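Here is the structure we will look at.
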Amino acid sequence: MSGQQGYMKALRCRECGQEYPLEARHVCEFDFGPLEVVYDYQAAKEKLTREVVASRPQNMWRYAELLPVAGEPTVGREVGFTPLIKADRLAERLGIRELWIKNDAVNYPTLSFKDRVVSVALSRAREMGFEVVACASTGNLANSVAANAAASGMKAFVFIPHDLEKGKVVNSLIYDANVIGIKGHYDEVNRLCAEIAGKYSWAFVNVNMRPYYAEGSKSQGFEIMEQLGWEIPRHTVVPMASGSLLTKIHKSYQEAVKVGLVEEAEYSVHGAQATGCSPISQAFKEGQDFFKPVKPDTIAKSLAIGTPADGFYALKVFKETGAASDDVSDDEIREGISLLAETEGIFSETAGGVTVGVAKKLIASGAIPADDSAVLCITGNGLKTLDAVENHVGETREIAPSLREFDALLDSDKELTSPTK
Ligand SMILES: *Cc1c(COP(=O)(O)O)cnc(C)c1O
Ligand SMILES: [Zn+2]
4 MSGQQGYMKA LRCRECGQEY PLEARHVCEF DFGPLEVVYD YQAAKEKLTR
54 EVVASRPQNM WRYAELLPVA GEPTVGREVG FTPLIKADRL AERLGIRELW
104 IKNDAVNYPT LSFKDRVVSV ALSRAREMGF EVVACASTGN LANSVAANAA
154 ASGMKAFVFI PHDLEKGKVV NSLIYDANVI GIKGHYDEVN RLCAEIAGKY
204 SWAFVNVNMR PYYAEGSKSQ GFEIMEQLGW EIPRHTVVPM ASGSLLTKIH
254 KSYQEAVKVG LVEEAEYSVH GAQATGCSPI SQAFKEGQDF FKPVKPDTIA
304 KSLAIGTPAD GFYALKVFKE TGAASDDVSD DEIREGISLL AETEGIFSET
354 AGGVTVGVAK KLIASGAIPA DDSAVLCITG NGLKTLDAVE NHVGETREIA
404 PSLREFDALL DSDKELTSPT K
């Protein structure tokens with residue numbers, strides 16, 4: 004990569020097209036539209052061939068020409084290239100011909116897809132000269148900012164709703180980040196962070212650094228296509244909080260066509276939410292172009308954003324790609340988590356339960372036809388949200404260390420040897 008800007012050309016307003024220099028700013032001065040990174044696609048096309056990608060290390064930076072870092076990345080160099088698993092047992096249970104799981108529950112280093120966006124935001128923040136990084140988070144982002152800041156010697160402030168799962172809180176505190184719990188829900192945390200970002204010159208990964216941060220999500224889409232043998236999947240199901248990941252997976256498919264990595268093809272990018280916080284899927288189901296803000300009430304805390312910043316653009320993606328959006332209850336979320344665990348041996352957090360539950364609904368309704376193929380994006384790890392399932396799993400059978408007791412247990416408890424187990 005070269006120069007001050009690498010393959011980036013400018014920031015551009017998604018509404019009016021006004022261009023801005025590549026600074027730490029995220030909204031247009033004229034219409035408050037969100038800013039997005041524009042690339043030199045011709046230069047990227049010349050450099051980024053399938054052969055070049057294949058020759059590089061297996062991490063998200065193998066697509067560096069389409070990521071917004073000018074020089075070499077300095078944070079999160081090992082992030083990404085998580086497994087894409089052919090999920091035949093889950094496919095059978097959901098009634099679809101072919102199913103794949105993109106498993107970011109094992110992303111490095113903090114077990115969620117957020118390591119992708121954070122490695123981009125912190126690498127970019129560093130090359131822009133920031134020393135303090137910060138974020139407004141529903142949990143996973145805080146974990147990733149805390150860990151990656153620690154590993155690169157940056158100071159971190161992470162702001163979270165005060166009532167997050169214990170696993171998410173401990174996973175931020177352990178890295179010695181400054182963790183600030185706000186007595187309010189995420190939208191209030193976010194509003195406060197916008198004020199703080201205006202006063203202190205810190206790199207807020209999802210406020211003033213948002214145009215760079217959000218681009219990191221595209222790497223999940225690039226990986227899916229490469230792992231499918233350079234093809235765009237016919238259907239992709241993506242969990243939505245702000246809706247950013249979904250819009251960026253869509254963007255990755257478009258960019259891959261633009262730079263010649265894949266053939267153009269028909270595809271649909273479907274959105275999944277928890278019913279207790281489903282402004283985007285509600286708007287879709289009512290045929291609206293705009294969502295109505297809601298107060299979140301769901302066990303899927305990582306997705307609990309009542310005023311989703313990219314909700315409007317997610318709704319556009321459904322329209323453009325002939326996709327659908329739906330939502331599932333807390334019980335259906337737990338069922339989805341169990342189903343994925345029992346069929347594929349993958350323990351996802353609540354967001355994964357949302358994705359599996361919504362995929363089940365979309366297949367049953369025909370929005371995803373049974374004879375098609377789909378990819379489900381699993382975005383976070385179940386070990387961080389034990390609270391959500393701990394009273395809903397089976398029980399340990401306790402016995403003395405004696406063979407006689409074990410024989411007696413097998414005799415008395417027929418469930419242990421049932422053929423469906
Ligand atoms: C943040 C997050 C998402 C989606 O976030 P967006 O704001 O829609 O990009 C999905 N799953 C998990 C586990 C998350 O932490
Ligand atoms: Zn504008």
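Plus 3 on top of the position in the sequence shown (first one is 1) and you've got the working numbering. All residues carry an ideal CB built from backbone N, CA and C; glycine is no exception. It should be emphasised that the depicted structure is a prediction, and the values quoted were computed from it without experimental measurement.
Return the chain-ordered list of same chain residues with a C-beta closer than 6 angstroms to the C-beta of residue i, the five sequence neighbours on each side being excluded.
i	result
A150	P112, T113 and Y178
S175	A145, N146, A149, V161 and V182
A206	A128, F133, V136 and M212
I366	L97, G98 and I99
K171	G142 and K387
S5	Here S5 scores only 41 on pLDDT, less than 50, and its place in the model should not be relied on; the value that follows carries that caveat. Excluding residues within five positions, none has a Cβ falling inside 6 angstroms.
G339	G356, V359 and G360
L51	E68 and V262
T423	none
Would you say the beta carbon of residue i comes nearer than 7 angstroms to a heavy atom of ligand 2?
i	result
F315	no
E258	no
E18	yes
C31	yes
Q223	no
D34	yes
Leaving out five residues before and five after residue i in sequence, what residues of the same chain have Cβ atoms less than 7 angstroms from its Cβ?
i	result
W233	R53, L264 and V265
A47	Y10, E68, L69 and V262
F409	I402
K12	V41, Y42 and D43
D292	L318
L7	Checking the displayed sequence, the identity of residue 7 turns out to be Gln instead of Leu. Within the same chain, Q7 has close Cβ partners A73.
C31	C16, E18, C19, Q21 and L38
S284	G274, Q276, S328, D329 and D330
K89	W103
P296	P282, G309 and T310
How about residue i and residue j: are their beta carbons less than 8 angstroms apart?
i	j	result
V192	V161	no
S341	N384	no
A377	R237	yes
S281	A244	no
L248	F116	yes
V260	E269	no
A354	T382	yes
I252	V241	yes
I459	I349	Nothing about residue 459 can be reported from this structure: the residues present for the chain run from 4 to 424 only.
K221	K254	yes
F294	A307	no
T77	S155	yes
N62	G83	yes
Hey, residue i and residue j are a contact pair by Cβ (cut 8 angstroms); roughly how many whole angstroms apart?
i	j	result
E81	K387	With 8 angstroms as the limit, E81 and K387 do not qualify as a contact, their Cβ atoms being about 20 angstroms apart.
Q276	D330	4 angstroms
T250	A317	6 angstroms
Q223	K105	6 angstroms
L87	L379	Not really, about 10 angstroms apart at Cβ, beyond 8 angstroms.
R400	D416	7 angstroms
Going by C-alpha to C-alpha distance, which of the options sits closest to residue i?
i	options	result
G9	L38, Q45 and P37	Q45
K298	H188, I104, M11 and F35	H188
P372	G290, V359, N394 and S271	S271
E345	R92, L87, E18 and G184	R92
S58	F33, I88 and E229	E229
K158	P164, D166 and A180	A180
V357	W64, K50 and H273	H273
I163	A153, R194 and A312	R194
G219	D390, P71 and V392	P71
V320	D374, L343 and T239	T239
L419	R407, E398 and S405	E398
Can you tell me whether residue i sits near ligand 1, meaning its C-beta is under 7 angstroms from at least one heavy atom of the ligand?
i	result
E352	yes
P242	yes
L248	yes
P328	The residue asked about is misnamed: residue 328 is Ser in this sequence, not Pro. Answer for S328: no, Cβ out of range of ligand 1.
S58	no
L306	yes
N193	no
N211	no
F84	no
K254	no
S115	yes
L343	no
Ligand 4 heavy atoms versus the CB of residue i: any closer than 7 angstroms?
i	result
F160	With respect to ligand 4, the structure shown offers nothing to examine, as its ligands consist of ligand 1 and ligand 2.
Residues in its own chain within less than 8 angstroms of residue i by CB, not counting five upstream and five downstream?
i	result
V208	V120, V121, A124, L125, A128, V136, A137, C138, L144, V148 and Y216
L14	E22, Y23, P24, L25, E26, R28, L38, E39, V40, V41 and P214
D34	C16, E18 and C19
Report yes or no: is there a C-beta of chain B within less than 8 angstroms of the C-beta of residue i?
i	result
H238	Absent from the structure: chain B. Only one protein chain is present.
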